[in-house]
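S.K.: Chains as they are written, first to last, in the working numbering: chain L, 797 to 911; chain R, 13 to 124. We put the CB at the ideal spot given by N, CA and C, even for glycine.
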Amino acid sequence: DTAVSQTPKYLVTQMGNDKSIKCEQNLGHDTMYWYKQDSKKFLKIMFSYNNKELIINETVPNRFSPKSPDKAHLNLHINSLELGDSAVYFCASSLLRQYSGNTIYFGEGSWLTVV
Amino acid sequence: SQQGEEDPQALSIQEGENATMNCSYKTSINNLQWYRQNSGRGLVHLILIRSNEREKHSGRLRVTLDTSKKSSSLLITASRAADTASYFCATALIQGAQKLVFGQGTRLTINP
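1. Spell out whether any CB of chain R is found under 7 Å from the CB atom of E904(L).
2. Could you tell me how far apart the beta carbons of K82(R) and K111(R) are, in whole angstroms, since I believe they sit closer than 8 Å?
3. Quick check: the Cα distance between K837(L) and G117(R), rounded to an integer number of angstroms?
4. Could you round the C-beta distance between I25(R) and S98(R) to whole angstroms and report it? I think they count as a contact, below 8 Å.
5. Identify the contact partners of K836(L) in chain R, using a Cβ-Cβ distance below 7 Å as the criterion.
6. Is it right to say N858(L) is buried, meaning 16 or more other beta carbons lie within 10 angstroms of its own, or is it exposed?
7. Counting only C-beta atoms, is R48(R) closer than 7 Å to chain L at any point?
8. Any chance the CB of T909(L) is under 6 Å from a heavy atom of the ligand SAM?
9. Within 7 Å of any Cβ in chain L, is that where the Cβ of S13(R) sits?
10. Going by beta-carbon coordinates alone, are L891(L) and N813(L) separated by less than 7 Å?
11. Can you round the beta-carbon distance between A93(R) and Q45(R) to whole angstroms, since I take them to be within the 8 Å contact cut?
12. Would you tell me roughly how many angstroms separate the C-alpha atoms of L87(R) and R119(R), rounded to the nearest one?
13. I'd like to know if the stretch 817-829 of chain L and the stretch 863-873 of chain L are in contact, where contact means that at least 3 CB-CB pairs between them fall below 8 Å.
14. Among S801(L), S864(L), Q810(L) and K840(L), whose alpha-carbon lies nearest the alpha-carbon of F114(R)?
15. Going by the beta-carbon positions, is the gap between D881(L) and V910(L) smaller than 7 Å?
16. By the DSSP assignment, the beta strand (DSSP E) with T803(L) in it spans what residues?
17. Taking the beta strand (DSSP E) that P124(R) falls in, what are its first and last residues?
18. Would you list the residues sitting across from M33(R) in a DSSP beta bridge?
19. Output the boundary residues of the beta strand (DSSP E) element that contains D866(L).
20. Could you tell me whether any Cβ in chain R is nearer than 7 Å to the Cβ of L839(L)?
21. List, in chain order, every chain L residue whose beta-carbon is nearer than 8 Å to that of R66(R).
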């Protein structure tokens with residue numbers, strides 16, 4: 797049973813297109829995230845949602861729009877794709893307990909290539 | 013600038029040897045976590061150490077935390093080929109919602 801699943805795993809698309817990456821977690825967690833990992837393996841948080849509410853938005857271009865229809869799903873929609881958007885996008889989730897130390901569970905990643 | 017920075021960026025050792033990776037950070041933390049990423053996969057949580065702890069063990073893993081130096085180390089003893097992966101430290105800041113800030117990782121290669 798996959799805890800955090802995201803689709804598609806690979807996505808090649810042209811500049812200017814709009815694309816979405818879907819994410820679902822079956823862990824019953826309250827918090828979900830999107831992280832971006834660039835070619836240098838640098839992993840940076842983009843968004844975080846807690847029970848469908850946006851709680852972290854890390855200076856991400858407004859071409860990126862997360863959508864959380866329920867607390868088990870957090871999708872990422874990207875408009876007008878640019879070459880620099882090429883990266884691996886990871887969905888993740890955690891059981892939010894303030895200061896208790898959350899373990900974050902990651903999906904397997906979505907490899908986005910913009911050509 | 014990054015909160016967490018791993019050192020070295022790459023490490024290659026022989027199977028059976030111990031591997032030590034270091035992580036430095038800048039601001040006060042609630043806890044520090046280590047994750048492993050196999051090539052082409054997502055990150056997997058290894059171990060968490062809280063700011064009031066100095067050392068923690070899990071199997072062949074040993075993590076230390078020195079809050080005065082704002083640094084942590086991950087030691088993998090008796091390394092195996094399957095330990096080949098990238099290892100990331102992540103710091104949970106004290107303020108605000110739960111957010112982990114990741115370093116750039118150490119690429120560990122275990123040679124058989």
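M.R.: Working from what's here:
1. yes
2. K82(R) to K111(R), Cβ: 18 Å. No contact.
3. 7 Å
4. The pair is not a contact, with the Cβ atoms about 15 Å apart (cut-off 8 Å).
5. Q116
6. exposed
7. no
8. Among the ligands in the structure shown, none appear at all, so the ligand SAM cannot be discussed.
9. Note that S13(R) scores 44 on pLDDT, short of 50, meaning its location in the model is unreliable; the coordinates nonetheless yield the value given after this. Judged by the 7 Å Cβ criterion, S13(R) is not in contact with chain L.
10. no
11. Actually they are not in contact, since the Cβ atoms of A93(R) and Q45(R) sit about 24 Å apart, beyond 8 Å.
12. 14 Å
13. yes
14. K840(L)
15. yes
16. V800 to T803
17. Taken as a continuous stretch (DSSP letters only), P124(R) belongs to no beta strand (DSSP E), as it is neither H nor E.
18. L86(R)
19. F860 to D866
20. yes
21. By Cβ distance, chain L contributes nothing, its closest Cβ being about 16 Å from R66(R), past 8 Å.
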